[in-house]
Amino acid sequence: MDKEEINDKTKEEQNKKADEIIELKKQIESQKVQIDETEDRLKRVAAEFDNYKKRNTKERDSMYNSLVADIIANFLPVIDNLEKAVETETKDEEYKKGIELVLKQFKDVLAARGIVEIEAVGKTFDPELHEAVSSVQDETRGEKEIVQEYRKGYMIGNKVIRHSMVIVAN
584 MDKEEINDKT KEEQNKKADE IIELKKQIES QKVQIDETED RLKRVAAEFD NYKKRNTKER
644 DSMYNSLVAD IIANFLPVID NLEKAVETET KDEEYKKGIE LVLKQFKDVL AARGIVEIEA
704 VGKTFDPELH EAVSSVQDET RGEKEIVQEY RKGYMIGNKV IRHSMVIVAN
C-alpha cells in the first residue's frame, strides 16, 4: 500500500468517526430535549398536586366551619337564656354561681372551637356583622355607632353564625 491509499483510508475512517460523533451529538441533543420536556411535565404535575392539596384543605376547613356553625347556632338560644339568668337578681347566691359556671363552660367550649363573640357596643355598624333593629338620634354619638346590643352575635373564622341585633345611633 502506498501513502496515498493509507491517507485515503485514514480520511475515510476519520470521516466515519466524525459522522458517528455528529450522530451521537444529535442523539444527545434529542435526549436533552426529552429530559427537559419530562422535567417540565413533572414540575407541572407537582404544581397541580400542590394546588389540589391547598384547595382540598381550604374546602375541608370551610366545610368544618359550616358544620360547627350549624351545630352551635342551635345552642345560642340556650347561652342567651343563661346570660339572662345570670343578670337576674336572686337571693340564692349559690344558685347564681352555678348558672355562671354553666355559662362559663359553654363559652369555653365555644372559644375552644374558634367561635368568638362579635363586638358591637361602641363600634361602627357593619351590615356584615350586625342587624339593626332600631335607631336613635343622639348627638353625643358618632355616625352609625352602635349604642345597645339586644342579642349577641357570633362568628367562626370569617363566617357569621348569628348577627348581633343592635340599636344604631344617628
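Note that our numbering has the sequence shown beginning at 584, numbered continuously upward. Note that CB positions come from ideal geometry on N, CA and C, so glycine has one too.
Short check: CB of residue i to CB of residue j, under 8 Å?
i, j, result
"residue 728", "residue 703", "no"
"residue 717", "residue 734", "no"
"residue 665", "residue 689", "yes"
"residue 679", "residue 673", "yes"
"residue 749", "residue 722", "no"
"residue 656", "residue 745", "yes"
In the structure shown, what three-state DSSP assignment does residue i receive?
i, result
"residue 696", "coil"
"residue 722", "coil"
"residue 604", "helix"
"residue 701", "coil"
"residue 641", "helix"
"residue 732", "strand"
"residue 711", "coil"
"residue 674", "coil"
"residue 586", "helix"
"residue 742", "strand"
Write down the C-beta distance between residue i and residue j rounded to the nearest angstrom, noting that I regard them as a contact closer than 8 Å.
i, j, result
"residue 730", "residue 719", "6 Å"
"residue 773", "residue 669", "Because the chain here runs from 584 to 753, residue 773 falls outside it and cannot be looked at."
Report task. Inspect the CB distances between the stretch 736-745 and the stretch 688-699 and report whether three or more fall short of 8 Å. Result -> yes
Query raised in the report: Does the count of Cβ pairs from the stretch 619-639 and the stretch 657-677 closer than 8 Å reach three?
Result: no
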